[in-house]
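Per the working numbering, residue 2 is the first one in the sequence shown, and the count goes up by one each step.
Only one structure is covered here, and it is reproduced in the block below.
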Amino acid sequence: MVHIPVRLSGALVLWSIAGYTLLAQQNHLAGPVERGRTVRLGTVHPGVRVGEDQGPVDPSHRLGLVTLVLKPAPAQQAALEGLLEEQQTPSSPNYHRWLTPEEFADGFGASQDDIARIRAWLLRQGLTVEEVARSRNWIAFSGTAEEIGRAFEIGFHRYRVEGRLHFANSSRPSVPAEFEGLVGGLSGLDDFRLAPPARPRPAFNASNGDHYLAPDDLAVIYNIAPLYRSGIDGAGQNIAIVGQTAIDLADIRGFRGMFQLPERDPQIVLVGPDPGITGDLAEANLDLQWAGAVARNANLIYVYSEDVMTSVRYAISQNLASVISMSYGGCEQLMAGGSPATLRVLAQQANAQGITWIASSGDNGAAGCDSVGAPAAINGLAVNFPASLPEVTAVGGTRFDDAATFWSGTNGANYLSALSYLPERAWNGSGPPTGLLASGGGASMFYAKPWWQAGPGVPRDGARDVPDVALAAAPD
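Okay, here's the thing in structure tokens:
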């Protein structure tokens with residue numbers, strides 16, 4: 002066993018995996034926490050600065066799920082990064098030895114005592130503690146705007162931004178000074194959400210000569226069919242699809258029936274208040290249908306909530322699946338600007354548990370902070386979050402060469418029409434009349450180049466570059 006002593010103030014925890022023993026510092030609160038000196042943390046959403054203030058939120062308005070995010074001590078963070086590298090090094094005894102959420106908590110989460118003190122403080126503020134993460138790195142709670150505002154010394158206002166009404170905290174939240182160094186931030190104080198990408202059209206060989214993709218086309222083009230013939234079809238695997246809308250199972254069943262896929266309904270997991278069916282329904286359907294079209298016998302788990310990041314956090318905390326698929330994203334500067342290190346720990350936890358988190362690199366081209374469909378990019382070079390997180394696999398988009406020689410003249414069984422692999426190129430559909438519409442990509446403004454991102458063609462820019470992989474995405 003290798004011992005790594007940490008000589009810092011605070012509680013020390015002995016943690017081990019596969020013969021590797023770590024003595025890591027945990028933050029420690031000395032006693033009961035009372036309101037006294039406070040510190041500011043987190044940010045105010047940029048929509049507050051540009052929006053038209055519509056006045057205070059009704060004090061009785063209930064925020065159903067707010068998350069207090071806890072961060073590891075510096076020694077814990079260093080140890081976590083070391084473990085992640087070992088888990089990917091074939092010669093290491095920790096190679097592919099994944100943690101349970103409880104093991105992650107013991108090595109890199111807050112102490113049980115600190116969790117108890119924070120929980121007690123929240124309860125004394127009149128808030129309801131909804132859940133403590135198994136990994137002990139976040140606590141979810143609920144309360145009215147008045148209760149939460151009083152506890153964190155903030156007000157809530159409504160703002161009109163680009164024709165839509167939002168609510169948000171109007172100032173940075175405060176926490177007791179004793180929490181400094183332990184609390185990384187708060188999420189759920191506003192209803193600004195990540196957005197799904199542009200919508201591709203549905204799949205088949207059309208009568209007008211246009212060619213669309215059916216599941217069996219994808220199996221031919223990407224050479225998946227031999228895997229099916231050898232019995233590799235997702236059986237025994239869990240894939241979590243995350244979203245922020247309810248779904249109608251009839252949509253999924255209709256798709257699977259049309260293409261004669263195995264009859265398998267996704268498992269549905271609701272986290273917090275039910276958002277109902279929203280404008281994101283098409284994206285949820287798309288993700289569930291095509292994950293099941295490729296991994297045809299996998300167990301699909303649809304995790305949804307009012308905020309897709311809440312869905313992700315829950316899927317990781319509960320260790321629901323070995324793959325998390327996420328088609329949402331947003332301007333990195335807006336999402337990661339407040340606490341990029343804290344947000345990264347969530348992805349690092351996923352990796353430590355053996356979870357592959359896949360996220361879309363976006364449809365904004367190299368201008369991740371401009372709107373899809375905008376006539377011109379005006380906000381500079383930017384990438385999308387969470388694809389920019391080094392521990393997330395960023396998926397970009399390609400466009401097929403649509404030459405007729407790659408397609409049959411008619412549909413075969415299950416609408417199959419692709420004859421072979423089709424040459425691909427980067428998808429860039431920007432220009433009149435569509436405006437900005439292209440595969441997202443570029444260099445992160447927040448995250449340094451990870452140790453594994455090296456090789457021919459990789460820019461030597463010192464930054465995390467996205468995407469990592471790409472496949473068919475062009476909607477036209």
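We put the beta carbon where it would ideally sit given N, CA and C, even for glycine.
*asked:* Tell me the residue span of the alpha helix (DSSP H) that contains Phe407.
replied: As a first step, residue 407 must be located in the sequence shown, where it is residue number 406. Unbroken run through Phe407: none, as it is neither H nor E.
*If I'm right that Ala395 touches Ser362 with Cβ under 8 Å, what's the distance once you round it to whole angstroms?*
Working through the sequence shown from its first residue, we reach residue 395 at position 394. Working through the sequence shown from its first residue, we reach residue 362 at position 361. Indeed they touch by this definition, with Cβ atoms about 5 Å apart.
*With DSSP collapsed to three states, give me the class of Asp462.*
As a working mapping, residue 462 is identified with position 461 in the sequence shown. The three-state secondary structure of Asp462, taken from DSSP, is coil.
*How many whole angstroms separate the CB atoms of Gly366 and Asn286, which I take to be in contact at a CB cut-off of 8 Å?*
Translated into positions along the sequence shown, residue 366 becomes position 365. Translated into positions along the sequence shown, residue 286 becomes position 285. No, Gly366 and Asn286 are not in contact; Cβ-Cβ is about 25 Å, not under 8 Å.
*What residues match up with Ile1 in a beta bridge as DSSP calls it?*
Outside the displayed range of the chain (2 to 477) lies residue 1, so it cannot be described from this structure.
*For Asp462, does the count of other Cβ atoms within 10 angstroms reach 16, so buried, or fall short, so exposed?*
What you label residue 462 is simply residue 461 of the sequence shown in a count that begins at 1. By the Cβ-count criterion, Asp462 is exposed, with fewer than 16 other Cβ atoms from all chains shown falling within 10 Å of its own Cβ.
*For Leu420, which three-state DSSP category applies?*
For the purposes of this step, residue 420 is identified with residue 419 of the sequence shown, where counting begins at 1. In the structure shown, the three-state DSSP call for Leu420 is coil.
*First through last residue of the alpha helix (DSSP H) which encompasses Val221*: Locating residue 221 in the sequence shown gives position 220, counting from the first residue. Run containing Val221: 216-222, per the alpha helix (DSSP H) assignment.
*Does DSSP put Gln245 in a helix, in a strand, or in coil?*
Residue numbering aside, residue 245 sits at position 244 when the sequence shown is read from its first letter. In the structure shown, Gln245 sits in coil (DSSP, three-state: anything other than H, G, I, E or B).
_Option nearest Ala419 by Cα separation, candidates Glu425, Arg426, Phe407_ = What you label residue 419 is simply residue 418 of the sequence shown in a count that begins at 1. The residue with the shortest Cα to Cα distance from Ala419 is Phe407.
*Go to Trp291, then tell me how far its alpha helix (DSSP H) extends in each direction, as first and last residue.*
Here residue 291 corresponds to residue number 290 of the sequence shown, with the count starting at 1. First-last of the alpha helix (DSSP H) with Trp291: 282-295.
*Cβ-heavy atom distance between Trp291 and the ligand ATP below 7 Å?*
Absence of the ligand ATP from the depicted structure is noted, as is the absence of any ligand whatsoever, leaving it without description.
*How should Gly443 be labelled, buried or exposed, when 16 other C-beta atoms within 10 angstroms of its C-beta is the threshold for buried?*
Walking along the sequence shown from the start, residue 443 turns up at place 442. Burial check for Gly443: the Cβ neighbour count within 10 Å reaches 16 or more, so the residue is buried.
*Starting from the Cα of Gly441, find the closest Cα among Ala475, Pro197, Ala368 and give me that residue.*
Position 440 of the sequence shown, counting from 1, holds the residue named residue 441. Ranking Ala475, Pro197, Ala368 by Cα distance to Gly441 puts Ala368 first.
*Give the range of the beta strand (DSSP E) segment to which Asp54 is assigned.*
Start at 1 with the first residue of the sequence shown, and residue 54 comes out as number 53. Per DSSP, the continuous beta strand (DSSP E) segment holding Asp54 begins and ends at 53-57.
*asked:* Can you tell me whether Glu103 is buried or exposed? The criterion is at least 16 other CB atoms within 10 Å of its CB, across all chains shown.
replied: Here residue 103 refers to the residue found at position 102 when the sequence shown is read from its first residue. When all chains shown are included, Glu103 counts as exposed.
_For Val106 and Gln126, which I take to be in contact (beta-carbon distance under 8 Å), what is that distance rounded to the nearest angstrom?_
Within the sequence shown, residue 106 is the residue found at index 105, counting from 1. Within the sequence shown, residue 126 is the residue found at index 125, counting from 1. Contrary to the premise, residue 106 reads as Ala rather than Val in this sequence. Not quite, the Cβ-Cβ distance comes to about 24 Å (not below 8 Å), so this is no contact.
*Can you tell me whether DSSP reads Thr399 as helix, strand or coil?*
The sequence position of residue 399 within the sequence shown is 398, counting from 1. Strand at Thr399.
*Helix, strand or coil for Pro75, going by three-state DSSP, please let me know.*
Within the sequence shown, residue 75 is the residue found at index 74, counting from 1. For Pro75, the secondary structure class from DSSP, reduced to helix, strand or coil, is helix.
*Return the CA-CA distance between Leu301 and Ile325, expressed in angstroms with no decimal places.*
By one-based count along the sequence shown, residue 301 stands at place 300. By one-based count along the sequence shown, residue 325 stands at place 324. Looking at the two C-alpha atoms, the distance is approximately 10 Å.
_Inter-residue CB distance, Ile242 and Tyr303 (contact presumed, cutoff 8 Å)_ = Position 241 of the sequence shown, counting from 1, holds the residue named residue 242. Position 302 of the sequence shown, counting from 1, holds the residue named residue 303. So it is a contact: roughly 5 Å between Cβ atoms.
_Minimum length 3: unbroken beta strand (DSSP E) runs contained in the stretch 152-187_ = The qualifying runs are 157-162, 165-170, 175-177.
*Between the beta-carbon of Val184 and the beta-carbon of Leu42, is there less than 8 Å?*
The residue you call residue 184 lines up with position 183 of the sequence shown. The residue you call residue 42 lines up with position 41 of the sequence shown. Yes, these two residues count as a Cβ contact at 8 Å.
*May I ask you to list the residues that DSSP assigns as paired with Trp139?*
Translated into positions along the sequence shown, residue 139 becomes position 138. In DSSP, Trp139 forms a bridge with Val70.
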